[in-house]
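Numbering (my numbering), first residue to last: 24 to 241.
Think of the CB as a built atom: it goes at the ideal place given N, C-alpha and C, for glycine as much as any other residue.
Fair warning: this is a prediction, and the values are worked out from it, not measured in the lab.
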Ligand code: SAH
């Protein structure tokens with residue numbers, strides 16, 4: 024069961040979460056405003072309602088997770104989102120990250136490999152508030168060649184390597200934020216596609232993600 028009511032208490036807890044993200048080094052005001060505007064507790068079972076605004080990941084269906092707010096904020100900040108950019112997300116999950124990007128006026132294309140999670144988005148109450156988000160059921164390793172090229176690509180699962188098709192689908196000057204590595208710990212990378220087609224790799228902090236798995240799952 025989920026409860027869809029955004030009370031003053033929820034808003035107050037959300038403000039505290041945003042303050043804690045600032046203290047942890049998130050400075051992009053547009054990222055902080057987006058997190059302040061989205062009722063994160065709507066993405067979780069009401070049993071988790073009271074702790075929805077703690078800075079931690081939570082379980083959703085199919086053994087997957089809604090990423091920790093700090094991780095969402097960190098990846099989004101690295102993406103340097105500008106209004107009207109076309110952004111490809113790999114790993115829709117709860118849909119929270121996609122809505123953070125849409126709240127920043129990006130045009131979001133998001134792919135999920137788990138059919139049940141993909142289908143849950145269809146009836147999700149917040150979907151109508153973000154008509155610009157396009158949802159796809161598929162394998163993120165393939166990206167979305169029909170809609171390419173993208174200004175930005177964000178991968179929200181642990182990738183064992185940089186998927187070459189995703190680099191192909193990035194615009195020149197575009198950026199990809201990707202947690203790389205297998206096992207319990209990943210290192211956040213930002214890959215920029217240069218004008219001559221080569222890439223530049225910047226390395227950031229360590230995080231922990233569920234794995235990016237090949238192929239779709241019924
Ligand atoms: N962005 C999500 C976090 C989801 S966790 C959120 O805001 O809630 C990572 C998600 O990536 C899981 O739902 C998992 O099923 C999905 N995933 C893993 N491998 C994938 C792949 N190859 N293609 C698409 N989605 C994938």
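*Can you tell me the Cβ-Cβ gap for residue 64 and residue 72, rounded? I've got them flagged as a contact below 8 Å.*
5 Å
*List the residues that DSSP assigns as beta-bridge partners of residue 223.*
215
_Reduced DSSP category for residue 95 - H, G, I as helix; E, B as strand; rest coil_ = helix
*Around the C-beta of residue 84, are 16 or more other C-beta atoms found within 10 angstroms, so that it is buried, or is it exposed?*
The residue is exposed, with fewer than 16 neighbouring Cβ atoms inside 10 Å.
*Could you tell me whether the stretch 195 to 208 touches the stretch 128 to 145, where touching means 3 or more Cβ pairs closer than 8 Å?*
no
*Inter-stretch contact at 8 Å, needing at least 3 Cβ pairs: the stretch 123 to 132 / the stretch 39 to 49*: no
*Give the single residue among 177, 178, 101 whose Cα lies nearest to the Cα of residue 225.*
101
*Given a threshold of 16 other Cβ atoms within 10 Å of its Cβ, counted over all protein chains shown, does residue 74 qualify as buried or as exposed?*
Residue 74 counts as exposed, since fewer than 16 other C-beta atoms from the protein chains shown sit within 10 angstroms of its C-beta.
*Opposing strand residues paired with residue 130 [DSSP bridges]*: 109
*asked:* Cutting at 8 Å between CB atoms, please list the residues of its own chain near residue 220, excluding the five before and the five after it.
replied: 195
*Where the alpha helix (DSSP H) containing residue 148 begins and where it ends*: For residue 148, no alpha helix (DSSP H) segment is defined, and its DSSP state is neither H nor E.
_Bounding residues of the alpha helix (DSSP H) (the contiguous stretch that carries residue 31)_ = Residue 31 -> alpha helix (DSSP H) spans 31 to 46.
*Compute the minimum distance between the beta carbon of residue 233 and the heavy atoms of the ligand SAH, and state whether it is under 7 Å.*
yes
*Can you give the Cα-Cα distance for residue 182 and residue 27, rounded to whole angstroms?*
Between residue 182 and residue 27, the C-alpha separation is close to 34 Å.
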